[in-house]
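Report on the following structure.
Numbering (the UniProt record's numbering), first residue to last: 1 to 147.
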C-alpha cells in the first residue's frame with residue numbers, strides 16, 4: 001500500500017508505471033491531477049480511492065490495471081482520456097462523473113466484466129472504440145439534472 005503526504009497535489013506521468021507489487025493506493029484529498037500512465041500496468045491494484053478534488057486523469061492512467069474491480073470518478077472530471085481504463089478486465093463497477101462531457105478513444109476497451117455503464121445526458125462525445133471488447137456490457141443513457 002502507498003500512502004501520500006497531505007500536501008501532494010499531483011501524481012506525475014508514469015510515476016508508478018509497472019509497479020506489479022502495488023495492490024492498494026490511498027490518495028490524499030489535496031490531489032487534483034493524476035498524470036498520464038501514472039498507474040499503467042499495476043496489475044495487482046484492486047482498489048483505489050480517487051479524491052473528489054481530482055479534476056484531471058491522464059491518458060493510460062489505469063491502463064492494464066487488470067485487478068481493479070471498481071472505480072468512482074470525481075464529479076468535476078469533464079473528459080476521460082484515451083485508454084484510461086483499457087484492459088481493466090476485472091472492472092465490474094464504474095460511476096461516471098456528473099459533469100462528464102467526453103469519453104476518449106478505447107477508454108474502457110477490454111473491460112469485459114462491466115455489466116452496465118450509465119451515461120448521463122450531458123455526455124456529448126464517445127470516441128472510437130470507447131467500449132470495444134466489453135461484450136457483457138449494456139449502455140444506458142440517463143437523464144438527470146446537474147445541480
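For each residue, glycine too, the CB sits at the ideal point set by N, CA and C.
Span separating the alpha-carbon of residue i from that of residue j
i	j	result
residue 49	residue 62	13 Å
residue 60	residue 120	23 Å
residue 80	residue 123	11 Å
residue 89	residue 111	4 Å
residue 47	residue 97	18 Å
residue 25	residue 74	16 Å
residue 36	residue 140	28 Å
residue 55	residue 95	15 Å
residue 34	residue 107	15 Å
Same chain, Cβ closer than 6 Å to residue i, five either side skipped, listed in chain order
i	result
residue 126	103
residue 138	116
residue 109	86, 129, 132 and 133
residue 70	93
residue 72	95
residue 1	24
Beta-ladder partner(s) of residue i, from DSSP
i	result
residue 33	10 and 56
residue 105	Its beta-bridge partners do not exist; DSSP assigns none.
residue 141	119
residue 22	DSSP, once it has assigned bridges, lists no residue as partnering residue 22.
residue 79	102
residue 125	102
Rounded Cβ spacing between residue i and residue j (contact assumed at less than 8 Å)
i	j	result
residue 32	residue 53	5 Å
residue 114	residue 77	Incorrect: roughly 18 Å between the Cβ atoms, too far for contact.
residue 65	residue 51	Not confirmed; about 18 Å, so no contact.
Cβ shell of residue i (< 8 Å), same chain only, five flanking positions each side left out
i	result
residue 105	82, 83, 127, 128, 129 and 130
residue 20	41, 42, 43 and 44
residue 38	11, 12, 13, 14, 15, 16, 17, 58 and 61
residue 136	112, 113, 114 and 115
residue 30	6, 7, 8, 9, 51 and 53
residue 67	23, 43, 44, 45, 46 and 90
Start-to-end residues for the beta strand (DSSP E) that takes in residue i
i	result
residue 49	47-49
residue 5	Careful: residue 5 lies outside any beta strand (DSSP E) and carries neither H nor E.
residue 71	70-72
residue 185	For the chain, the structure presents residues 1 to 147; residue 185 sits outside this window and is missing.
Sequence-distant residues of the same chain with beta carbon closer than 7 Å to residue i, five excluded per side
i	result
residue 3	26
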